[in-house]
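Read the structure below first, then the notes.
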Amino acid sequence: MIRVRNLFKSFGGQRLFSGLNLDISQGEVVVCIGPSGSGKSTFLRCINGLEYFQEGEIEVDGTALHSVNRIKPTGADREAIRQVQLKVGMVFQQFNLFPHMTVIENIIEAPIQVLRERKEHAVDGARALLQRVNLEAKVNSYPDQLSGGEQQRVAIARALAMRPRVMLFDEPTSSLDPEMVGEVLSVIRDLVDDGMTTVIVTHEMGFAREIADRVVVFDRGEIVETGRPETIFIQPQTDRTRAFLSRILKH
Amino acid sequence: MRRFLRISSLLLGICLLLYWAVPAPSTSGALENVKKRGYLLWGSDAEGGAPYIFPDPKDPAKLIGFEVDLADAIARELGVTAKQAQNAWDSLIPGLQRGDYDIAMNGIEITPQRKQEILFSIPYYVYTEQLVVRKDEERIQDVDDLRGLKAGTLSGTVAQDILMGLGGVDVKVYSGQVEPYEDLAIGRIDAVLLDLPIAAYYGKPNPKLRYAGRPVGEGFYGIAVRKGDADLQHAIDEILAKLLISGELKKIYDKWDLWNEAQEKLSAKVRDSSGYSGLEESRKAPVHTFFPMLLKGAGITLFISSTSMLFAIALGLVLTLARLYGSAPFNGLATAYIEIYRGTPLLIQLYILYYGLPNIGISLSPFAAAFLGLGMNYAAYEAELYRAGISAIPKGQTEAALSLGMTQGMAIRRIILPQAFRIALPGVTNDFIALFKDSSLVSIIAMVELTKTYTILAASTLRFFELGLIAAVLYFIMSYPLSLLARRLEEHLKGKRR
C-alpha cells in the first residue's frame, strides 16, 4: 500500500533523511517510535505530501510522489500530491478542527467541496461517523465547546468522511489530558480492528505494543530497527533502540 | 441610547462654552496698532487668485496682482508696509473677525448681508459678472439660457447668488477659480459665471473658451474691516479717495488691464456704497430652512462612503491574495500598490484623479473620481488588515484542509478567509468610520456632499458656527452607530473564537 524508497530530505542545509526505505502492506498497522526530533513526524508528513523531499520516491496506493521542486511545483506535482492526499487521511496532534464551523460542518465540508457529494448524503455519512466516535450529541457544537478528546474524535471522523485508504496519526494523544487519552485510543483501536491501513506516531508505548503489527524505531533521521512489538520491546536488537526504550520506560 | 444622550449633551456644552469664551472684538486703537507695529496685515487668498493676488510666475515666492499693488499703496499712505496673510477665500471674513489680520481685501463684494458682519471701505473696484462658454457653444447667448444646463462658479460669490436666483440651473460650486474653467473646457459643465477680472484672466486666454453676452450684475469690491475698527475704516476711505482723485488707482488698473468705463462710477460712489442686493432673505432665514440641503448632502456623503468602502473591501481582497499567494509580477505589483497608496496623501490622489487625468485625456465625473479615489486609497489599508488576519490563522488549518484533499484555492476560500475576515472585521469597521469622515475631502473635486454643502451655505450666509454644528452633528449621528457596532464586534470576538 505504501512504498518509501531512498528518501532524502534536508532542511535549512541540514540533512534530515539520507535514504529511508519502508514498505507497508494493506491492512498493516505500523507504529513509529523514537526520541523527539528523530524525524518520525516529518516522515509521516512526507507520506501525505505536506512536506517536500529532495530525492527518492513515495508511492501510495499506486500514486507516486517524486522529489518535487519545493519553490515551483509543476501542475503534475501538485496533482500527484493531491491524489495522495485524497487517499490518505491525517489526524494531527493539535486536532486542527475548523473553528468557524460546527462539528457536522467540519465533517461534511470536504465531502461536499472535494467529492461533490450531495449535502443530505454527506450529512447522513457524517452522522454515522459521529455515532461511531460516540459524539452524536455534539452535532451542532463548535470546536471550542468540546474537550480535547472530543475534538480529536471529531478530527478522526472528519478524516474518515473522505473514505481514505490509509490513516496517518501524528501524535494523536500528545496534547490531551491523561483522562482523555483512552477515549481517543479506543476509537483508533476500533478503526484498526476494521482493517484500516494505519501509521501512528506516538509516545504511548503500551498502546504501541498492544496495537502494532510492526514497530519502526527512528533515531536521528534513520530507521534503526523494525520488528514485531514483542521483539522490539522485549529483545531490542540495537543499542540505540535499547537506549531509547530505557530512557522512556524509566518515566 | 442613554450613553448617546450623555455624549451629545457633553458636546453641546463644550460648544456653548467655546462660544461664550470667544472675546468680544476690540473697540478701538486698530489704526494706532497698525502704525505702531509698522505693517498692515491684509487677508487674501493667493491660490489661483490672478489677477487679484497670485504668485509671480517668474518668482513664485513673490506675490503680485492688482490688489497687491493697492495694498502697497494703502500701506505707504499709512506710513507702514503691507504684509499678506493667506486664508481660503471662503473664510476671509471669519478670519478677519477672529483677528487673524487687520483688513480683508480680495474681490470681496459689498453686500448688505456682509455689512451686518463687518465694515466696508468705499468701493475700490466696480465688477461685473461675465458669462464664459466653450467656443462651439450654440445654446447659450446669455444667463437666461442657462436653465436646465450646468453652470459653474465660485463658492460664496454674487455670481452664485445670480445663478441660484435664476432657478432651474444646475449650479456647480467650486472653491478655486481655475477649476471651473478647466471643467468647462473639458465639457463637465456648460458655462461659468464669474467676476470679469477672473474671466479676463482665466477664461479669455483659453483658446477653447469665449465670452457669451454682455456682463451682467454690477457691484463693488470693498475692503473689509472689523466692526469696531471704524478708525481704520475711515483712514482707508480717505486713502482710497486720494488714490482715486490722484489717478494712481487708474494707473494700477491700467497696469493689469482692468480699467473700463464702469470704473467711472467709483467717483460717484465715494460715499454711498449700496452694492448688489441678492438673496437677503435666505441669509436671515431660520436655521431649519437649510435642513433639506444639509440632509441631501448627508445622504450623498453616506452613499459615497458606502459604495467606495465596498469597492475598497473587494479591491483590498484582490491585493492581499495577489501579495500573499500571487506569483512573481503580481505579488510585487500588489506590494508596490499598497505602499504607494499608504505613503501618499489621499488629497493628492484625489487631485490627480480629478484634475490630473484630464491632462492625459481621461475625464472622470466627480462621483467616479470620489468613488475611485476613496476606494483605491482604502483598499491599501483593507489589504493590510486582511493580511494581518490571514497571518493570524495557524498553519495547521491549511494543512488540515490540504490533507482532506482540498486544493490550495479551496483552502483559502473556505477555511482561511472566513476566519481571517472575522479577525479583520473590527478593523474594517473602524476603517469605514475613518473613510466616512475622509469623504469630506472629496468636496475639493466639485462633489457637493455634506461638508461642501456646509461650506457653501456658510460662505453665503456667514453662519459658520451654527451650520458647522449642524453638519458636525449630522456626521456624528451617522458615524456613532458604526463605532458602537465596531465595539460590539470587538467584544464579541474577544469572547469567542468563531
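Protein chains in written order, with my numbering: chain C, 1 to 251; chain X, 1 to 498. Glycine residues also receive a C-beta, built at the ideal position from the N, C-alpha and C atoms. Remember, predicted model here, so these are calculated numbers, not experimental data.
- For X:Ser-403, the closest Cβ of chain C is nearer than 8 angstroms.
- DSSP, reduced to helix, strand and coil, places C:Gln-151 within a helical segment of the structure shown.
- Not a single C-beta of chain C is nearer than 8 angstroms to the C-beta of X:Pro-205.
- Contact check between the stretch 473-484 of chain X and the stretch 403-419 of chain X: fewer than three CB pairs, one atom from each, fall below 8 angstroms, which does not count as touching.
- The three-state secondary structure of X:Ile-118, taken from DSSP, is coil.
- A direct Cα-Cα distance of roughly 27 angstroms separates X:Glu-138 from X:Tyr-354.
- In this structure, X:Val-171 sits near X:Thr-153, with a CB-CB distance shorter than 8 angstroms.
- Distance from the CA atom of C:Phe-98 to the CA atom of C:Arg-240, rounded to whole angstroms, is 40 angstroms.
- Using a Cβ-Cβ cut-off of 7 angstroms, X:Ala-400 is close to Phe-92, Asn-96 of chain C, given in chain order.
- At a cut-off of 4 residues, the continuous stretches assigned as alpha helix (DSSP H) that sit fully inside the stretch 166-203 of chain C are 178-193.
- Comparing alpha carbon positions, the residue from X:Leu-70, X:Lys-83, X:Leu-63, X:Phe-54 closest to X:Arg-37 is X:Lys-83.
- In this structure X:Phe-290 touches X:Leu-467 by the C-beta definition: roughly 6 angstroms separates them, less than 8 angstroms.
- Note on X:Arg-188: 16 or more other CB atoms within 10 angstroms of its CB, so buried under the neighbour-count rule.
- In chain order, Arg-153, Val-154, Ile-156, Ala-157, Val-187 place their CB closer than 8 angstroms to the CB of C:Val-133, counting only its own chain and leaving out the 5 sequence neighbours on each side.
- Residue pairing by DSSP places C:Glu-136 opposite no residue, since no beta bridge is assigned to it.
- When Cβ-Cβ separations below 8 angstroms define contact, X:Gln-97 makes no contact with chain C.
- Taking 4 residues as the shortest admissible run, the stretch 395-464 of chain X contains the following complete alpha helix (DSSP H) segments, listed from N- to C-terminal end: 395-403, 417-438, 450-461.
- Residue pairing by DSSP places C:Arg-45 in no beta bridge whatsoever.
- Nearest Cα to C:Glu-204 within the set C:Arg-220, C:Glu-222, C:Pro-178: C:Pro-178.
- The beta-carbon of X:Ile-415 is placed less than 8 angstroms from the nearest beta-carbon of chain C.
- Straight-line spacing of the CA atoms in C:Val-184 and C:Gly-149 works out to 6 angstroms.
- DSSP places X:Glu-129 within a strand segment (E or B) once states are collapsed to three.
- Taking the C-beta atoms as reference points, X:Ala-191 is found no nearer than 8 angstroms to X:Ile-103.
- With contacts defined as CB atoms closer than 8 angstroms, X:Arg-214 and X:Gln-97 fail to qualify as a contacting pair.
- Interface residue (Cβ-Cβ distance to chain C less than 8 angstroms): X:Arg-387 is not classified as such.
- Taking CB atoms only, X:Arg-323 has no neighbour in chain C less than 8 angstroms away.
- Contact annotation, C:Val-88 with C:Val-114: C-beta distance approximately 13 angstroms; criterion of less than 8 angstroms not satisfied.
- The C-alpha of X:Ile-340 is placed about 12 angstroms away from the C-alpha of X:Gly-332.
- Residue pairing of C:Gly-227 in beta bridges, as defined by DSSP: C:Val-215.
- Taking C-beta atoms as the reference points, X:Phe-66 and X:Tyr-201 fail to come closer than 8 angstroms.
- Under the Cβ distance rule, C:Arg-82 counts among the residues neighbouring chain X, one pair being separated by less than 8 angstroms.
- Secondary structure at C:Asn-6: strand, using DSSP grouped into helix, strand and coil.
- The beta-bridge partner set that DSSP reports for C:Glu-222 consists of C:Asp-219.
- X:Pro-55 and X:Met-105 have their alpha carbons spaced roughly 16 angstroms apart.
- Contact between C:Cys-46 and C:Lys-9 holds: CB atoms are separated by about 7 angstroms, below the 8 angstroms threshold.
- What X:Gly-396 touches in chain C, judged by beta-carbon distance under 7 angstroms, is Phe-92, Gln-94, Asn-96, going in chain order.
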